[in-house]
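Asks:
Residue numbers (this note's numbering): 1 to 471.
This is the structure we're talking about:
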């Protein structure tokens with residue numbers, strides 16, 4: 001008899017544990033994990049990782065207990081601080097952004113729980129039907145642990161009942177587990193829901209209507225079992241999970257001044273990754289990102305800028321966010337500021353922009369294209385300057401675009417647009433498309449894909465009869 005455990009759960013686990021030899025997930029039955037039912041962390045695994053990844057703790061293993069005490073305190077704080085704020089603090093520890101006085105003369109040194117760069121340094125465990133009891137008791141269908149920390153929770157539903165869908169699985173996570181046993185989700189990167197035909201994922205407290213699919217551009221738009229297989233194999237790969245944790249997760253204030261967690265959609269992940277790879281390789285100096293309106297280009301720029309700034313091979317680059325209208329300048333600035341991205345400068349006049357560039361400022365600089373109008377020749381000829389140009393189809397082909405290129409002769413230029421123009425006097429493909437890209441663009445996310453994924457809402461037009469009466 002088919003049920004969720006022997007069909008969907010086993011399918012997911014068999015898919016992701018196939019890569020065991022290549023830094024993949026090892027399957028361990030829940031009853032064999034070194035934990036009691038009230039434990040969020042597998043503390044023996046966390047302790048081993050702390051010793052393995054931190055020379056100061058390796059020299060004095062008792063320090064690991066001090067870190068574990070801090071982590072337990074964050075998990076317990078969910079009762080007073082709420083899930084999103086507790087998750088934000090735990091995420092900072094997972095990213096290596098917190099320090100402890102473990103160095104010589106009590107000097108503070110970063111504490112590493114996970115190594116996101118050297119995947120073989122981490123231990124990956126997948127388990128199923130894991131019971132967690134902290135007052136209420138809940139059983140999770142699939143849990144992915146990295147170094148003893150539960151980063152991903154999956155909920156499966158039976159594929160043979162037409163009335164049951166991924167929404168029922170996501171509802172269990174959002175309206176039951178996160179509400180009644182929130183402590184288990186304090187370290188969570190994301191959760192996923194599937195009934196074997198559809199795959200959707202979301203971050204803590206994300207409303208169900210914006211849970212998103214995960215696809216791969218080169219695989220088209222598979223559906224049914226193929227959709228789930230593509231999403232599981234790609235998104236649940238350890239490298240992707242740790243990528244999303246490190247570079248594609250933001251904590252921001254929404255319009256009602258509430259703290260929310262934002263994680264990337266797959267088109268933002270792919271495009272930002274392509275930008276960074278192209279800059280690191282250093283061979284191709286431009287690229288066109290053609291994503292339909294409303295599909296999240298502002299957040300794509302945030303993710304790309306954040307990852308570029310954190311990429312060590314780029315030697316502390318300058319990232320320019322260039323827009324063509326004052327209202328867009330405000331919108332982009334608000335997106336960056338709401339996400340609390342560090343090292344941001346807004347060049348709101350020409351003098352400030354020229355000063356920042358000529359003084360070799362290494363930050364994220366937000367400005368408008370018009371502020372290059374009176375640039376006195378070259379402002380900075382460094383190669384690790386990356387310009388991300390929003391609404392690239394409007395003003396980039398004329399004098400302002402030439403002025404910007406003259407001011408930054410060796411910069412990387414990436415254009416983001418929802419509507420590229422291909423005319424004699426205005427040609428977005430000429431301005432940003434690299435000849436090495438087969439169709440002139442580096443990344444494409446079409447109108448049809450955006451509507452299908454509900455990233456953009458469809459427009460409906462209704463013809464109105466005009467009431468004319470002639471005397």
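Backbone N, C-alpha and C define an ideal beta-carbon position, used for all residues, glycine too.
Counting only the same chain and skipping the five closest in sequence on each side, list residues whose C-beta sits under 7 Å from that of residue 9.
Replies: Excluding residues within five positions, the ones whose Cβ falls inside 7 Å are 128, 141, 142 and 156.
Asks: Taking the Cβ atom as the reference point for each residue, do residue 186 and residue 86 lie within a distance shorter than 7 Å?
Replies: It is a contact, given that the beta carbons lie within the stated cut-off.
Asks: How long is the line joining the alpha carbons of residue 95 and residue 66, rounded to whole angstroms?
Replies: About 18 Å.
Asks: Going by DSSP in three states, residue 249 sits in which element: helix, strand or coil?
Replies: Residue 249 falls in the strand class under three-state DSSP.
Asks: Apart from the five residues on each side of it in sequence, which residues of its chain come closer than 7 Å, Cβ to Cβ, to residue 214?
Replies: Here the set comprises 199, 201, 231, 234, 235 and 266.
Asks: Give me, in chain order, the residues of the same chain whose beta-carbon lies closer than 6 Å to that of residue 404; leave out the 5 immediate sequence neighbours on both sides.
Replies: Cβ within range, chain order: 372.
Asks: Report the option in 279, 331, 277 and 276 whose CA atom is closest to the CA atom of residue 299.
Replies: Comparing Cα-Cα distances from residue 299 to each of 279, 331, 277 and 276, the minimum goes to 331.
Asks: Which runs of the alpha helix (DSSP H) at least 4 residues long sit entirely within the stretch 345-380? Give them in chain order.
Replies: Runs found: 350-358.
Asks: Apart from the five residues on each side of it in sequence, which residues of its chain come closer than 6 Å, Cβ to Cβ, to residue 357?
Replies: Cβ neighbours of residue 357 beyond the five flanking positions: 379 and 380.
Asks: For residue 389, which of 325, 360, 450 and 334 has the nearest alpha-carbon?
Replies: Among 325, 360, 450 and 334, the Cα nearest to that of residue 389 is on 325.
Asks: Take the Cβ of residue 224 as the centre, count every other Cβ of all protein chains shown within 10 Å, and call the residue buried at 16 or more, exposed below.
Replies: Classification for residue 224: exposed.
Asks: Quick one: give me the first and last residue of the beta strand (DSSP E) that residue 494 is part of.
Replies: The chain is shown from 1 up to 471; residue 494 falls before or after that span and cannot be answered.
Asks: Considering only the beta carbon of each residue, do residue 364 and residue 319 sit closer than 7 Å?
Replies: A contact, by the Cβ cut-off of 7 Å.
Asks: One question on the structure: do residue 193 and residue 284 come within less than 7 Å of each other, judged by their Cβ atoms?
Replies: The answer is no: Cβ separation not under 7 Å.
Asks: Hey, would you say residue 297 sits closer than 7 Å to residue 247, going by beta carbons?
Replies: Contact flag unset, no.
Asks: Applying the 10 Å Cβ sphere with the 16-neighbour rule, what's the burial state of residue 239?
Replies: It is exposed - the Cβ of residue 239 has fewer than 16 other Cβ atoms within 10 Å.
Asks: Tell me which same chain residues have a C-beta within less than 6 Å of the C-beta of residue 130, skipping the five on either side of it?
Replies: Once the five neighbours on either side are set aside, the close Cβ partners of residue 130 are 30, 140 and 143.
Asks: Whose C-alpha, out of 68, 135 and 237, is nearest the C-alpha of residue 12?
Replies: It is 237 whose Cα lies nearest to the Cα of residue 12.
Asks: Straight-line CA distance for residue 304 to residue 438?
Replies: Rounded to the nearest angstrom, the two C-alpha atoms are 23 Å apart.
Asks: Comparing alpha-carbon positions, which option in 105, 385 and 443 lies nearest residue 408?
Replies: Residue 385 is the option with its Cα nearest to residue 408.
Asks: Taking just the CA atoms, how far does residue 342 sit from residue 264?
Replies: Answer to the nearest angstrom: the Cα atoms are 19 Å apart.
Asks: Quick check: the Cα distance between residue 312 and residue 163, rounded to an integer number of angstroms?
Replies: Going from the Cα of residue 312 to the Cα of residue 163 covers about 50 Å.
Asks: Assess, as a yes-or-no matter, whether the stretch 164-171 is touched by the stretch 114-126 under the definition of 3 or more beta carbon pairs within less than 8 Å.
Replies: No, the stretch 114-126 does not touch the stretch 164-171.
Asks: May I have the straight-line CA-CA distance separating residue 37 from residue 209, to the nearest angstrom?
Replies: Going by the C-alpha atoms only, they are around 32 Å apart.
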